[in-house]
Each structure stands twice: as C-alpha cells, then as structure tokens.
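Numbering (my numbering) for the sequence shown: 75 to 417.
Idealized CB from N, CA, C, for every residue including glycine.
See below for the structure under consideration.
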Amino acid sequence: MKIENNRVIIDPPKRSKKITGTRFASVLGLNHWNTPFATWCAITKTYEEPFIDNIYTRAGKAIEPLINKYLNKMVFFGDLVSAEQHYGGDPFLKTHGDMWPKSPVLSGMWDSVIKENGKIVGVVEIKTTKRAEDWKDGPPEYYALQGALYAWLLGVDEVHMVCAFLDDEDYVFPEQFVPTSNNTIIESFRVSERYPQFQYHIDRVLDWWNDHVLTGISPEFDEKKDAEILKAIRTNKVTDTEDIGALLARAESLEKQLDAVSTIEKQLKEVRDAIKAMMQARLRDTDNMVEVTGGDRIWTLTRGSTNSIDKKLLKADGLLEKYTVSSVSYTLRNKMKEETNND
C-alpha cells in the first residue's frame with residue numbers, strides 16, 4: 075500500500091464487498107455521516123471499523139418486528155412480508171448479508187416487502203431514531219436512496235420509508251415500545267417520480283466501482299473527515315518483535331518502577347512549587363538569589379533573564395513562515411495495553 079496525491083493505492087482486491095444500500099449514497103457523496111473514501115476502505119477491506127452492538131442497534135432489532143406488526147395491521151392489511159417471513163428464518167444467515175448474490179456490484183438487505191398475489195410490488199425500509207429533526211423534510215437523502223436502490227434491484231417502483239421516533243426510555247426497554255401514528259411515520263414515494271434519472275445514479279456508482287475498486291486506487295481522502303481512518307492506515311502495527319522483544323521487556327520493567335514512584339514525584343513537585351513561591355516572595359528588588367538552609371540541604375532560588383522569540387510579532391511582520399524550517403522528529407511513547415483496548 076502507498077499514498078500519493080491524497081489517494082491510497084493498493085493491489086486490486088481479489089474479492090471485494092459490494093455496494094449496499096447503506097453505502098450507495100456515500101459513494102455518491104450524499105451521506106454526511108460517511109465519505110466516499112471511508113466507503114472505499116470498507117469495500118476493499120483496506121480498513122473498516124468493527125461493528126459494535128450498542129443501545130441503538132439493539133433497539134432497532136427489538137423494535138423492527140413491532141413496527142412490522144403495526145404496519146401490517148394498520149396500513150398494509152396483511153400484504154407486508156418481513157425478511158424473516160420471506161426467507162423462513164434469520165435473513166442474514168440465509169443470505170450472508172447479500173440478497174442479490176448474482177449481482178456483481180450492487181446488493182444489500184431490505185427490511186420488508188409488499189406482496190400482492192405472491193408478487194413483490196414494493197419495498198419497506200424501517201428506521202428508528204431520536205433525531206426527529208432529521209426527518210422534518212421527509213426521509214434523509216441517504217435513506218431514500220437506500221430504499222430506491224432496493225426497489226431498483228427488486229424491479230419495483232414503490233418505496234415506503236418508515237421511521238419510529240424514540241425517547242431515551244425506549245432505548246432502555248425497546249421491547250415495550252408501542253408504535254402509533256404519533257411516534258411512527260411513513261413516507262412513501264415512487265422511484266420513477268423522486269428519481270426520474272435513477273439510472274444515472276446507478277451508472278455513476280458503477281463508474282466509481284470501475285475507477286476505484288477494480289483499480290485499487292481510492293477516491294481522494296479528506297485529512298479532517300477521514301482523520302481516524304488515515305491514522306489507522308498510517309500506523310504500522312508490528313507483531314514480529316523478536317529483535318526488539320528483550321528491550322521491550324526491560325523497558326516495561328523500568329516503566330513499572332517509575333509508575334511505583336509517580337505519586338511521590340507528584341507530591342514532591344507540589345512541595346517544590348510551594349517552596350519556590352515562598353522563596354520568590356522573599357526576593358528583594360536588589361537580590362539575585364535567595365538561600366535557605368534546610369535539614370541536610372541548602373536551597374537556592376536564582377533570578378535571571380532569558381531571551382525568547384515572539385512568534386506573534388514575527389507572524390505579524392510576515393517573517394514566521396519564511397524562517398520556519400520543517401524537520402522530521404521521532405517521539406517514542408507507550409501506554410498500558412488495557413488503555414489500547416479501550417480506545
């Protein structure tokens with residue numbers, strides 16, 4: 075792997091992940107929560123943050139079946155079929171996360187579909203959130219595009235975006251959530267109407283795949299938006315420590331000894347600072363030094379002057395950048411493994 079002109083270059087991956095509904099808008103640059111570069115890293119397996127189950131994902135899993143039941147009774151009158159019903163069990167285990175295995179690039183997993191006379195006529199995407207403001211103008215674009223992609227892959231035109239707005243208590247007891255017209259909304263649209271040129275989006279995504287996934291050349295990254303990923307990519311995590319292992323063991327032994335006296339060092343610094351302040355108060359205008367005799371030490375405080383460069387003035391005169399020289403430096407640090415695991 076190498077980095078050139080704000081792009082990461084790798085050997086073209088032999089097997090990549092697909093562009094799913096959650097990645098579709100990111101590839102197009104229409105998801106402010108994710109960047110095209112981050113999506114490329116995940117697709118090419120260059121880097122991807124591990125999935126961590128949390129209160130939000132657990133609430134979504136618990137509440138989705140409740141919403142399906144509510145929708146089937148109050149809105150779709152028995153025509154709604156969940157992924158579990160459609161596949162006769164856990165859809166992820168049945169499909170391995172790929173409901174379109176014959177599609178080489180595009181795929182994903184829909185939540186539910188609408189069936190009439192055994193035929194799929196629409197797709198339903200279910201979301202849960204506590205950020206109602208994100209939906210004040212309808213479904214966020216990155217969600218709408220997800221539903222549109224699944225409809226396109228299914229060969230249907232009808233999309234129903236469903237969102238349940240949760241309170242803090244709902245994340246603690248998600249199984250007790252009761253969907254109603256007050257906390258659950260449905261935003262429906264037809265792909266042909268909302269995205270009359272949807273094929274253009276498809277073509278852009280496929281071009282992106284050809285340009286970046288098949289070549290192994292990433293889209294340009296953003297040093298700020300992609301900072302965490304870039305930090306991980308630019309970090310060489312060495313596992314072969316045979317040549318340095320003995321030194322590491324010795325250093326860690328000494329670190330433990332330093333840790334044992336760190337409290338004393340802190341206390342000593344506090345006492346020394348207090349002594350310094352008290353001795354400084356005893357400096358007369360004509361003195362350059364104060365001397366105090368202790369039990370077995372003689373303590374002295376000397377007043378002097380040092381010269382320093384005022385960088386603010388240099389910058390104001392336009393000289394700071396001119397006389398600033400860059401150099402490579404190396405800083406060695408260490409921390410306990412428990413701290414690393416908690417990052």
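With burial defined as no fewer than 16 other Cβ atoms inside 10 Å of the residue's Cβ, what is the status of Arg89: buried or exposed? Counting of Cβ neighbours within 10 angstroms places Arg89 among the exposed residues, the total staying below 16.
Roughly how many angstroms separate the alpha carbons of Asp417 and Ala306, rounded to a whole number? Residue confidence is low: Asp417 scores 38 on pLDDT, short of 50, so the model does not pin down where it sits. Its coordinate-derived value is still stated next. The alpha-carbon of Asp417 is positioned some 12 Å away from that of Ala306.
Asn378: which of Asp370, Val364, Asp384, Ile372 sits nearest, CA to CA? Correcting the residue type first, residue 378 is Gly in the shown sequence and not Asn. For Gly378, the closest alpha carbon among the candidates Asp370, Val364, Asp384, Ile372 is that of Val364.
Burial state of Thr96, where buried means 16 or more other Cβ atoms lie within 10 Å: The residue is buried, with at least 16 neighbouring Cβ atoms inside 10 Å.
Around the Cβ of Glu413, are there at least 16 other Cβ atoms within 10 angstroms (buried) or fewer (exposed)? With a pLDDT of 48 at Glu413, under the threshold of 50, the modelled position of this residue cannot be trusted; read the value that follows with caution. Exposed is the label assigned to Glu413, since fewer than 16 other Cβ atoms lie within 10 Å of its Cβ.
At which residues does the alpha helix (DSSP H) containing Leu321 begin and terminate? Per DSSP, the unbroken alpha helix (DSSP H) holding Leu321 starts and ends at 319-354.
May I ask which residues mark the beginning and end of the beta strand (DSSP E) holding Ala206? DSSP places Ala206 in no beta strand (DSSP E); its state is neither H nor E.
Classify Leu180: buried if its beta carbon has 16 or more other beta carbons within 10 angstroms, exposed otherwise. Taking all protein chains shown into account, Leu180 has 16 or more neighbouring C-beta atoms within 10 Å of its C-beta and is therefore buried.
Between the beta-carbon of Asn80 and the beta-carbon of Phe295, is there less than 7 Å? Yes. Within cutoff.
With C-beta atoms as the reference, is Phe111 less than 7 Å away from Pro293? Yes, these two residues count as a Cβ contact at 7 Å.
His234 (DSSP reduced to helix, strand or coil): Judged by DSSP in its simplified three-state form, His234 adopts strand.
Which of helix, strand or coil DSSP assigns to Thr380: Here Thr380 sits in coil by DSSP.
Nearest-angstrom Cα distance between Leu154 and Asn257? In this structure, the CA atom of Leu154 is about 20 Å from the CA atom of Asn257.
Complete runs of the alpha helix (DSSP H) confined to the segment 289-319 [at least 4 residues]: Assignment of alpha helix (DSSP H) within the segment 289-319, counting only whole runs of 4 or more residues, yields 301-307 in chain order.
His106: buried (16+ other C-beta within 10 angstroms of its C-beta) or exposed? With fewer than 16 Cβ atoms within 10 Å of its Cβ, His106 is classed as exposed.
Out of curiosity, what's the CA-to-CA distance linking Ala320 and Glu326? Straight-line Cα distance between these residues: approximately 10 Å.
Three-state secondary structure (DSSP) at Thr169? Secondary structure at Thr169: helix, using DSSP grouped into helix, strand and coil.
Just reading off the alpha helix (DSSP H) that Phe111 is part of, what are its end residues? Start and end: 110-117.
Check: Val198 C-beta below 6 Å from any heavy atom of the ligand NAD: Among the ligands in the structure shown, none appear at all, so the ligand NAD cannot be discussed.
Straight-line gap, Lys311 to Leu322 (C-alpha atoms, nearest Å): Roughly 15 Å between the two C-alpha positions.
Any idea what DSSP makes of Leu100, helix, strand or coil? Here the sequence assigns Ser to residue 100, which means Leu is not the residue at that position. DSSP places Ser100 in the helix class (H, G or I) of the three-state scheme.
Per DSSP, which residues does Val287 bridge with? Please list them. Val287 is bridged by DSSP to nothing; it lacks a bridge partner.
Answer with buried or exposed for Glu232, where buried requires no fewer than 16 other C-beta atoms within 10 angstroms of its C-beta. Counting of Cβ neighbours within 10 angstroms places Glu232 among the buried residues, the total reaching 16 or more.
Given a threshold of 16 other Cβ atoms within 10 Å of its Cβ, counted over all protein chains shown, does Phe247 qualify as buried or as exposed? Only exposed fits Phe247, as fewer than 16 other CB atoms lie within 10 angstroms of its CB.
Please confirm whether Tyr269 and Ala222 have their CB atoms less than 7 Å apart. It is a contact, given that the beta carbons lie within the stated cut-off.
Here's the rule I'm using: 16 or more other beta-carbon atoms within 10 Å means buried, otherwise exposed. How should Lys201 be labelled? By the neighbour-count definition (other C-beta atoms within 10 Å, threshold 16), Lys201 is a buried residue.
For Ala419, count neighbouring C-beta atoms within 10 Å of its own C-beta (all shown protein chains included) and say buried if the count is 16 or more, exposed if not. Residue 419 lies beyond the residue range present for the chain, which begins at 75 and ends at 417; the question has no answer from this structure.
Which of helix, strand or coil does DSSP assign to Val265? Of the three classes helix, strand and coil, the one that applies to Val265 here is helix, per DSSP.
Could you pull the DSSP bridge partners for Lys210 from this structure? Per DSSP, Gly212.
Is the CB-CB distance between Met235 and Pro213 below 7 Å? Using a Cβ distance threshold of 7 Å, Met235 and Pro213 count as a contacting pair.
Residue range of the unbroken alpha helix (DSSP H) whose run includes Glu243: Start and end: 242-246.
What's the C-alpha gap between Asp85 and Thr289? Those two C-alpha atoms are separated by around 8 Å.
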